[in-house]
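Colleague:
Chains as they are written, first to last, in the working numbering: chain A, 2 to 306; chain B, 2 to 306.
Put into C-alpha cells, the structure is as follows:
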C-alpha cells in the first residue's frame, strides 16, 4: 500500500518542530539554510554517518535511540574541539518498509537531543529506498574560549586524562545513550590549557594515536589507571583490552601540562581520570604496574577494504 | 582478502589533495573542521544524499560521475540561493566489494568538480558496509550581492524564467554531467532583482509549486514556451510532460518583476527562457496556446511511504 504520507509531509512536520533561533534566520524548507556566524567569524563543522548493521542494530534498539545517536556522535566531535553546537543538518535514507511512524521516531529522538543542547535542526534531505537505514548528520558549532582545541599540540611531559570509564560500550548499549561531553569540554577549556583533545570513538589506543601522530609525539598509558567500564565478572586483562580498543566510548581524552594536571588532581571541575603521559617518540605504549610493556591483538577500530 | 588499505589511508590521500584556502584553516583530519565566516556573518548550508539505485545506477555510469553528482546537486542548491560555495563535507558508505580504486574514483570525481568551483573538501566520514553506495554531502557557501535569494518573495505579475531546457535528464544521463548554474545565478542576481528562485530537482511543476507555496501565490505556465530537452522523436505532449515532471534538470527557475523581465528579454546576461507568470491563488496551471488548461498524471517527484 502506498501511503498518502510523503516526503513533503515529513518536511512539514519537521518545520513545525523547529526552534526559533536568531542564529538560523532561514531553516528547513528552502534550497539551503541561512546561518548567522559568531562574532569571531569561526565555525566548527563535524560530519558523521550512521549505518544500520554497523553503528546500530535494528533488533536491539529503538528508532528514537538511533536518531539520538546520529546527532550524539556529532555533538561528541564538537565537544572534542571544546565547541558549542548551534545547528544540525540531517540526511536520511529510510527503508521503505519501515513506515512513517518509524521515520518520525528517528527524527523525534534526534530532535530531543537537539533541544537538550539548543541545537537547531536547520535542514537536510529525506529519501526512501530498499536498503538499510542510513543517517548522516553535519553539525555546525562555535568555538568557545580563545580557540578551538585540536589534536595537534600535545607536548612531551603532558599528562593524559580521560573523562570517564572505557570499554564495552557496544555490548552494554552505552553507545546509544551516552551523554556528549560538551559541558565537560567547555568547563575544562575554561579551567586549564588543553594542549590537545579528541573524543574516543575508535578506542583510546587508536584515538590517542591520532593525537600523537598530529602532535609528533608518543604516549605511555598506565594500565592500572585506565578506568574500566566493563564489569569485573570479565577477566581483568580482557576488561583492559576492551577499554583500550572497543571504541564508541565517546568520552574525551586530552593532554595538559604538569601544572594544570596538578590542578585537575587537586580540584577537578568535572570528573577526570589521569591515565598516562606524553613522551618523545611516535608510539602509544601501555605499561603495567611494574613498568613492563603490554601488547594487544587489536589497536582499535578502523574500516579496512 | 582483507586489503592493507584502510580508512585512515584514504583520509591521508584526501588530506594530501586538499586545497590551501584561508577560509578553511583546519580541514580534513581532526574531529571537526574550522571554517572562517564571511564578513557579513552569513552562511548558506545545503545537504543532500545520493543513493545507489535511486539517484544513480552503478551499471550505467562511473564512480567518477557518481562522486561528481553528489557534489553537483548540492552546488545546485547553493546556486538556487545565488550563493558562492566555499566548503564541502562528505560522508560515504562504500560497498565493501567495490574496492579501494572505486572509492578513490568517487572522491576524484567529487574533488574535480570541487576544484572547478574553488570548493574545499574540508571534512567528512568514510565507512564500509555490505549495502549500496551512499554519499551525503553538506556544502557551506556565502551569499552574494545584498542577500540570499529564497523561495519566498514571488509576487502576482512576476514573470517566470528558467535557465535551460527541461526533461529526460535521467534517460539522457544529463543528471550526472549537468553544470551547476552557479555563475548564471550570480550573474542574474547582480543584473536584476530576483524575487524568488529554486533549482529544478523534482520537476518544474513541483518546484514552481514550492515557490508558490512559500510565496502565497499561484502560477500559469505557457506550454508552448517550455524549453524541451527531450528530442522531437518523442511525441510532443509526452516531451512537454517530461519537461514539467521528470525532475533532476538542475536548471534554475526564478521570478522577476515586469521591468526586469523586459530587460532579460532585451539583453539577457545569460541564456534564459520565459515560461509563465505568477498570479494570485495557489495553483500551478499549464495552458496551451489557446489558453486551455492542460492536466498531467504526475505532478513531479516526491518520495512517498
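All C-beta atoms, glycine included, are put in the ideal place defined by N, C-alpha and C.
1) Residue range of the beta strand (DSSP E) that residue 128 of chain A falls in?
2) Please report how far the alpha carbon of residue 211 of chain B lies from the alpha carbon of residue 64 of chain A, in whole angstroms.
3) For residue 75 of chain B, count the other beta carbons within 10 Å of its own beta carbon; 16 or more makes it buried, fewer makes it exposed. Which is it?
4) Could you give the DSSP three-state label for residue 49 of chain A: helix, strand or coil?
5) Mind pulling the beta strand (DSSP E) runs of 3 or more residues that sit fully within the segment 152-232 of chain A?
6) So which residues of chain B does residue 137 of chain A contact, with C-beta pairs closer than 7 Å?
7) Where DSSP assigns a beta bridge to residue 95 of chain B, which residues make up the other side?
8) Identify the contact partners of residue 55 of chain B in chain A, using a Cβ-Cβ distance below 7 Å as the criterion.
9) Strictly under 8 Å for the Cβ-Cβ distance: is residue 118 of chain A near chain B by that measure?
10) For residue 29 of chain A, does the three-state DSSP call read helix, strand or coil?
11) Looking at chain A, is there any beta carbon in it that lies within less than 8 Å of the beta carbon of residue 46 of chain B?
12) Run through chain B and tell me which residues come within less than 7 Å of residue 151 of chain A, C-beta to C-beta.
13) What is the DSSP secondary structure of residue 139 of chain A, reduced to helix, strand or coil?
14) Using a threshold of 8 Å, state whether the C-beta atoms of residue 25 of chain A and residue 121 of chain A are closer than that.
15) Ordered along the chain, which non-local residues of its own chain (more than five positions away) have a Cβ less than 6 Å from that of residue 286 of chain B?
16) For the alpha helix (DSSP H) containing residue 111 of chain B, name the first residue and the last one.
17) For residue 163 of chain A, would you say it is in contact with chain B, using Cβ-to-Cβ distances shorter than 8 Å as the test?
18) Residues of chain B with CB closer than 7 Å to the CB of residue 81 of chain A, please, in chain order.
19) Using a Cβ cut-off of 8 Å, pull out every chain A residue sitting near residue 13 of chain B, in sequence order please.
20) Starting from residue 236 of chain B, follow the alpha helix (DSSP H) in both directions and report where the run begins and ends.
21) Between the segment 170-186 of chain B and the segment 241-254 of chain B, are three or more C-beta pairs nearer than 8 Å?
22) Chain D partners of residue 35 of chain A, CB-CB under 7 Å?
23) Please report the straight-line C-alpha distance between residue 290 of chain A and residue 128 of chain B, rounded to a whole angstrom.
24) In the structure shown, what three-state DSSP assignment does residue 88 of chain A receive?
25) Using C-beta distances below 7 Å, list every residue in its chain close to residue 169 of chain A, excluding the 5 sequence neighbours before and after it, in chain order.
26) Do residue 141 of chain A and residue 87 of chain A come within 8 Å of each other at the CB atom, strictly closer than that value?
27) Please report whether the beta-carbon of residue 199 of chain A lies at a distance below 8 Å from any beta-carbon of chain B.
28) With a threshold of 8 Å between beta-carbons, can residue 248 of chain A be considered close to chain B, or not?
29) Contact between the segment 270-288 of chain B and the segment 200-210 of chain B is defined here as three or more beta-carbon pairs at a separation below 8 Å; is this criterion met?
30) Among B:224, B:50, B:203, whose alpha-carbon lies nearest the alpha-carbon of residue 161 of chain B?
31) Do the segment 269-277 of chain B and the segment 180-194 of chain B meet, that is, are 3 or more Cβ pairs less than 8 Å apart?
32) Go to residue 9 of chain A, then tell me how far its beta strand (DSSP E) extends in each direction, as first and last residue.
Modeller: Reading it off the structure:
1) 121-130
2) Looking at the two C-alpha atoms, the distance is approximately 30 Å.
3) So residue 75 of chain B counts as buried.
4) strand
5) 160-163, 197-200, 219-223
6) 50, 92, 137
7) B:129
8) At a beta-carbon threshold of 7 Å, the residues of chain A lying near residue 55 of chain B are 128, 130, ordered along the chain.
9) Under the 8 Å criterion on CB atoms, residue 118 of chain A is classed as non-interfacial with respect to chain B.
10) In this structure, DSSP gives residue 29 of chain A a state outside helix and strand, which the three-state scheme calls coil.
11) yes
12) 27, 31
13) strand
14) The beta carbons of residue 25 of chain A and residue 121 of chain A sit closer together than 8 Å.
15) 221, 294
16) 100-117
17) no
18) 32
19) Near residue 13 of chain B there are no residues of chain A at all, since even the closest Cβ is about 10 Å away, more than 8 Å.
20) That residue, residue 236 of chain B, is in no alpha helix (DSSP H); it is neither H nor E in DSSP.
21) Enough Cβ pairs lie closer than 8 Å, so yes.
22) No chain D appears in this structure, whose protein chains are A and B.
23) 37 Å
24) strand
25) 230, 231, 243, 247
26) yes
27) yes
28) Residue contact check for residue 248 of chain A against chain B: no CB pair falls below 8 Å.
29) yes
30) B:224
31) Proximity of the segment 269-277 of chain B to the segment 180-194 of chain B meets the contact definition, three or more beta-carbon pairs being nearer than 8 Å.
32) Judged by DSSP secondary structure, residue 9 of chain A falls outside any beta strand (DSSP E) and instead within the alpha helix (DSSP H) spanning 8-17.
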